[in-house]
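J.:
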Amino acid sequence: MDMGHIAKTLFAALVLPLAAACGGGDKAALEEDVELRTGRYEGLLPAADCPGIEVVLDVMEGDSFVVEMRYVERDTFTVRGNYRLSGNVLAAIDGESGDTTYFKVAGDSLRMLDRNKSYITSPFSDMYVLRRR
């Protein structure tokens, strides 16, 4: 598998296997008209085969985003795409693969959700948060 193919699907790959393995929690409560602040969101997500994934998500005016994922002690990947906001749920859609990753918008943070838009439940649940810098 070449690096280009890996980068195309990597953003969705952060959530889908973990959500399947950990099982989803309660659905994220949908709220009306939450304001999404553009800017940079950062966090360190748990990973099964390395010390973690440093994530930098730039949410830009309009509807585009760029996310850089650096697997600690490994490679760095960049994904670009567009996003939609429905209530307080941000859907980030990979521009090449079409895969979608969901986040709950809460003030200056984005909490990653599973593919069913439910909270990710695991011993590391509190680590699935990106904070605005």
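Quick note: the sequence shown uses numbering that gives the first Met the number 0, first residue 0, plus one each step. Every residue gets a Cβ at the ideal spot worked out from N, C-alpha and C, and that includes glycine.
From the DSSP output, in three-state form, read off M68 for me.
T.: The count along the sequence shown starts at 1 and reaches residue 68 at position 69. Three-state DSSP puts M68 in a strand.
J.: Given this structure, state the Cα-to-Cα distance separating L109 from G97, to the nearest angstrom.
T.: Stepping through the sequence shown from its first residue, residue 109 is reached at position 110. Stepping through the sequence shown from its first residue, residue 97 is reached at position 98. So the alpha carbons of these two residues sit roughly 20 Å apart.
J.: In this structure, what does DSSP give as the bridge partners for K116?
T.: By one-based count along the sequence shown, residue 116 stands at place 117. Residue pairing by DSSP places K116 opposite no residue, since no beta bridge is assigned to it.
J.: Is the distance from the Cβ of R114 to the Cβ of R39 below 8 Å?
T.: Walking along the sequence shown from the start, residue 114 turns up at place 115. Walking along the sequence shown from the start, residue 39 turns up at place 40. Contact: no.
J.: Could you tell me which of A105, S124, P45, R83 sits nearest to T99, measuring between CA atoms?
T.: Walking along the sequence shown from the start, residue 99 turns up at place 100. Shortest Cα-Cα distance from T99 to any of A105, S124, P45, R83 involves R83.
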